[in-house]
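So the sequence shown is numbered by our numbering: it starts at 7 and just counts up by one.
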Amino acid sequence: MTSATVLGVLGALVVMVTLFEMLRRRRLREKYALLWFLIAVTALLAAVVPGLLLAITDLLGIALPLNLALFVGILVLFLMTLQHSSDLGRLEERSRTLAEEVAVLRLEVEQRRKEQQAERDAPAEDE
């Protein structure tokens with residue numbers, strides 16, 4: 007077993023343990039954990055079966071396995087960025103809607119307070 011294989015296996019296992027711990031503490035949502043888990047399993051497979059990455063690069067006609075790894079890594083980062091941008095836009099819209107609802111509720115509360123104050127002050131003026 008080469009040092010690269012050991013390092014790859016250890017790295018993948020550290021990522022998996024970290025994922026489970028973050029899920030347990032609810033610091034990571036399940037939909038993101040699944041993607042990270044797939045990445046860790048892929049890294050584990052690439053480390054345990056080094057010929058697999060070489061066979062895939064030959065099949066796709068890519069010169070070096072590192073080129074494939076970098077391309078896949080960049081693609082994954084792009085897709086994650088796209089997903090997070092989508093989530094951010096949705097959350098910004100939800101935040102704006104909630105802020106508007108809070109403003110309307112505050113206005114209603116303030117109007118009711120004024121009405122109640124006017125009702126309390128009205129009998130005092132009649133005396």
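No residue lacks a Cβ here, since even glycine has one placed at the ideal position from N, Cα and C.
Owing to the predicted nature of the structure, the values given are computational and were not obtained by experimental measurement.
Assuming the contact rule is C-beta atoms closer than 8 Å, ALA53 and THR11 should be a hit. Round their C-beta distance to whole Å, please. Along the sequence shown, one-based indexing puts residue 53 at 47. Along the sequence shown, one-based indexing puts residue 11 at 5. A Cβ-Cβ separation of about 5 Å places ALA53 in contact with THR11 under the 8 Å criterion.
I'd like to know whether the C-beta atoms of LEU74 and ILE80 end up nearer to each other than 7 Å. In the sequence shown, counting from the first residue as 1, residue 74 sits at position 68. In the sequence shown, counting from the first residue as 1, residue 80 sits at position 74. Cβ distance not < 7 Å, so LEU74 and ILE80 don't count as in contact.
Classify ALA18 as buried or exposed, calling it buried when 16 or more other Cβ atoms lie within 10 Å of its own Cβ. Against the sequence shown, residue 18 aligns to sequence position 12. Only buried fits ALA18, as 16 or more other CB atoms lie within 10 angstroms of its CB.
LEU66 by DSSP, collapsed to three states: which one? Residue mapping note: residue 66 aligns to position 60 of the sequence shown, counting from 1. Three-state result, LEU66: helix.
Can you give me the C-alpha to C-alpha distance between LEU51 and SER91, rounded to a whole angstrom? In the sequence shown, residue 51 corresponds to position 45, counting from 1. In the sequence shown, residue 91 corresponds to position 85, counting from 1. Taking the straight line joining both Cα atoms gives about 30 Å.
Over the uninterrupted alpha helix (DSSP H) stretch that includes LEU34, give me the two end residues. Within the sequence shown, numbered from 1, the residue matching residue 34 stands at position 28. It is not in any alpha helix (DSSP H) - LEU34 carries neither H nor E in the DSSP assignment.
Using the rule of at least 16 other Cβ atoms within 10 Å of the residue's Cβ for burial, across every protein chain shown, is ALA46 buried or exposed? If you number the sequence shown from 1, residue 46 lands on position 40. It is buried - the Cβ of ALA46 has at least 16 other Cβ atoms within 10 Å.
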